[in-house]
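*Asks:* Residue numbers (my numbering): 4 to 442.
Here a beta-carbon is modelled for each residue, glycine too, at the ideal position from N, C-alpha and C.
Just so we're clear, the structure is a prediction, and the values are computed from it rather than from any experiment.
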Ligand SMILES: C[S@@+](CC[C@H](N)C(=O)[O-])C[C@H]1O[C@@H](n2cnc3c(N)ncnc32)[C@H](O)[C@@H]1O
Ligand code: SF4
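#1: Which word fits residue 440, buried or exposed, when buried means at least 16 other C-beta atoms lie within 10 angstroms of its C-beta?
#2: Among 313, 360, 397, 389, which residue has its Cα nearest to the Cα of residue 379?
#3: Among 177, 133, 208, 100, whose alpha-carbon lies nearest the alpha-carbon of residue 152?
#4: Does residue 255 come out as helix, strand or coil in the three-state DSSP assignment?
#5: How many Å lie between residue 330 and residue 442 at the Cα?
#6: Ligand 1 and residue 242: does the residue's C-beta get closer than 7 Å to at least one heavy atom of that ligand?
#7: Are the beta-carbon atoms of residue 96 and residue 126 separated by less than 8 Å?
#8: Do residue 210 and ligand 1 come close, with the Cβ less than 7 Å from some heavy atom?
#9: Any idea which residues DSSP pairs residue 109 with across the strands?
#10: Cβ atoms of residue 173 and residue 445: under 8 Å apart, would you say?
#11: Spatial neighbours of residue 422 within its chain, please: C-beta separation below 7 Å, excluding the five flanking residues on both sides.
#12: In whole angstroms, give me the CA-to-CA distance for residue 235 and residue 276.
#13: Determine whether the beta carbon atoms of residue 184 and residue 325 lie at a separation below 8 Å.
#14: Apply the 10 Å Cβ neighbour rule to residue 274 and answer buried if 16 or more other Cβ atoms are within range, or exposed otherwise.
#15: Are there any heavy atoms of ligand 1 lying less than 7 Å away from the beta-carbon of residue 165, as far as the coordinates show?
#16: Smallest Cα separation from residue 412: which of 347, 283, 110, 106?
#17: Three Cβ pairs or more, each shorter than 8 Å: is that satisfied between the stretch 93 to 113 and the stretch 57 to 65?
#18: Can you tell me which of the three DSSP states residue 370 falls into?
#19: Quick check: the Cα distance between residue 35 and residue 289, rounded to an integer number of angstroms?
#20: Going by C-alpha distance, which of 49, 42, 142, 75 is nearest residue 98?
#21: Hey, out of 130, 22, 182, whose CA is closest to residue 66's CA?
#22: Cβ of residue 215 within 7 Å of any heavy atom in ligand 2?
#23: Determine the extent of the beta strand (DSSP E) in which residue 114 is found, giving its start and end residues.
#24: So, are the CB atoms of residue 163 and residue 139 less than 8 Å apart?
#25: Across which residues does DSSP place residue 210 in a beta bridge pair?
#26: Identify, in the order they occur along the chain, each residue of the same chain with its Cβ nearer than 6 Å to the Cβ of residue 143, setting aside the five sequence neighbours on each side.
#27: Return yes when at least one heavy atom of ligand 2 lies under 7 Å from the C-beta of residue 184, else no.
#28: Can you tell me which of 176, 222, 259, 269 puts its alpha carbon nearest to the alpha carbon of residue 245?
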């Protein structure tokens, strides 16, 4: 059952307000008044169950829609300098977190496979230095793109024990891809998917996007059907978002309805094809619930390596500065490769108990597992049901329901995840994000 948009309160009026990938978003991070020594931030934190994240901010192309922190076609020596900085950062982390051990690893970008195999070897060595685990010891996921998912790289990743590879396809209709400013070639997509299945890591995720110019129900179904030939273990479907400084502008309000319709088509198609839904974006074959790209473990710490990576302790999230525009990204990478000392955090967000409670709520409610308020209370001291009256409103609106002590979004709620998420952010996070100047 789907609630009609007209019955929704104003705080849910924009169905595509923002994607809650992590809370708080990096746009809410600010410079700390004093740099915080990492040794202090991590003192007393569990470090044997970590998520290690490595950020490689390079791509062979810059797509018109992309709002990620990345730079296209960097000079060769920039990649080399970056690898040098990663190693320095990793060695510092090793001294700050001597007993650290990651149980999950993710390498994201950009496009990590922009790097050659020898460069990837160095990147994985740095990650192992930082978080005490290699891909054969921790469940590992790596992002790739059609032009860079080559046989040598895929075979290398499989050989070192990478379990999952995630490739951006976006659409199997090439005009739709070109229409959003992504210079992809269809032959490369087909070859890349064949290569991954022949020699690459065992688990394949395919990213697709909906809401593209010229895309309609029939062409969207065609994309879904055609990627089915490679039987992806997971499919991520992303509604197109276009932010300032990322190239293309868009048409008006009916785009929301268009995206909503395309979402429903994909959801129904994938569920019919045997996939299980775990969020508005993620669908997976049965038995593939873990090790995905969506970081949903509310308790574990995250150690980020690289210039766009975030790190999470239980009370402080930190990263380097964030940019999307070409100049801003270049400046931040230049600053990263010139850094000698990595033992302090200068930029981030200190989470109060209330913010930790909100984070926990967001990371569970927006997933099919749902929210267990008792768990939130045990870990933050706050009861989300009394702290967040909007949760009860979601139930009244038919967007969430209780079962077995858990609050879960209904189908109508799940498709409004990008409205429900931001509606549960604190006023402070909204203010900070609104005040963030995009570089
Ligand atoms: C790091 S990329 C995937 C790997 C690789 N860089 C590539 O593009 O093939 C992550 C995914 O985020 C999605 N994405 C990026 N910007 C987006 C936007 N503005 N709106 C919707 N989805 C977006 C795309 O589906 C993309 O594949
Ligand atoms: S979508 Fe992927 S390839 Fe394109 S610019 Fe973004 S990270 Fe790079």
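*Replies:* Here's the rundown:
#1: Residue mapping note: residue 440 aligns to position 437 of the chain shown, counting from 1. By the 10 Å Cβ count, residue 440 comes out exposed.
#2: On the chain shown, residue 379 is found 376 positions in, with the first residue counted as 1. Out of 313, 360, 397, 389, 360 has the C-alpha closest to the C-alpha of residue 379.
#3: For the purposes of this step, residue 152 is taken as the residue at position 149 of the chain shown. When only C-alpha atoms are compared, the closest one is 208.
#4: Your numbering for residue 255 matches position 252 in the chain shown. Its pLDDT being 48, under 50, residue 255 is placed unreliably in this model, and the coordinates cannot settle the point.
#5: Locating residue 330 in the chain shown gives position 327, counting from the first residue. Locating residue 442 in the chain shown gives position 439, counting from the first residue. When rounded, the distance between both Cα atoms is 7 Å.
#6: If you number the chain shown from 1, residue 242 lands on position 239. Yes - ligand 1 has a heavy atom lying nearer than 7 Å to the Cβ of residue 242.
#7: Working through the chain shown from its first residue, we reach residue 96 at position 93. Working through the chain shown from its first residue, we reach residue 126 at position 123. Cβ distance not < 8 Å, so residue 96 and residue 126 don't count as in contact.
#8: Translated into positions along the chain shown, residue 210 becomes position 207. Yes, ligand 1 has a heavy atom inside 7 Å of this Cβ.
#9: Here residue 109 refers to the residue found at position 106 when the chain shown is read from its first residue. Its beta-bridge partners are 56, 144.
#10: What is shown of the chain runs 4 to 442, which leaves residue 445 out entirely.
#11: Counted from its first residue, the chain shown places residue 422 at position 419. Apart from sequence neighbours up to five positions away, the residues of its chain that approach residue 422 with a beta-carbon distance below 7 Å are 15, 17, 18, 20, ordered along the chain.
#12: Against the chain shown, residue 235 aligns to sequence position 232. Against the chain shown, residue 276 aligns to sequence position 273. Going from the Cα of residue 235 to the Cα of residue 276 covers about 11 Å.
#13: Sequence index remark: in the chain shown, residue 184 carries index 181 (1-based). Sequence index remark: in the chain shown, residue 325 carries index 322 (1-based). Not closer than 8 Å, so no.
#14: In the chain shown, residue 274 corresponds to position 271, counting from 1. Exposed, because fewer than 16 other Cβ atoms sit within 10 Å of the Cβ of residue 274.
#15: As a working mapping, residue 165 is identified with position 162 in the chain shown. For ligand 1, not one heavy atom lies less than 7 Å from the Cβ of residue 165.
#16: Counted from its first residue, the chain shown places residue 412 at position 409. Here the closest residue by C-alpha is 283.
#17: Yes, they touch.
#18: The residue you call residue 370 lines up with position 367 of the chain shown. Residue state, collapsed to three classes: strand.
#19: Position 32 of the chain shown, counting from 1, holds the residue named residue 35. Position 286 of the chain shown, counting from 1, holds the residue named residue 289. Approximately 44 Å between the Cα atoms of the pair.
#20: Your numbering for residue 98 matches position 95 in the chain shown. Here the closest residue by C-alpha is 42.
#21: Reading the chain shown from its first residue, position 63 is the one you call residue 66. The option with the nearest alpha carbon to residue 66 is 182.
#22: The sequence position of residue 215 within the chain shown is 212, counting from 1. No, the Cβ of residue 215 stays beyond 7 Å of every heavy atom of ligand 2.
#23: The residue labelled residue 114 in the question sits at position 111 within the chain shown. For residue 114, there is no enclosing beta strand (DSSP E), as DSSP gives it neither H nor E.
#24: By 1-based counting over the chain shown, the position of residue 163 is 160. By 1-based counting over the chain shown, the position of residue 139 is 136. In contact: residue 163 and residue 139 (Cβ atoms closer than 8 Å).
#25: Within the chain shown, residue 210 is the residue found at index 207, counting from 1. Looking at the DSSP assignment, residue 210 forms a beta bridge with 171, 239.
#26: Numbered from its first residue, the chain shown carries residue 143 at position 140. Excluding residues within five positions, the ones whose Cβ falls inside 6 Å are 108, 165, 166.
#27: Numbered from its first residue, the chain shown carries residue 184 at position 181. Residue 184 Cβ: outside cutoff for every heavy atom of ligand 2.
#28: The sequence position of residue 245 within the chain shown is 242, counting from 1. The shortest Cα separation from residue 245 among 176, 222, 259, 269 belongs to 259.
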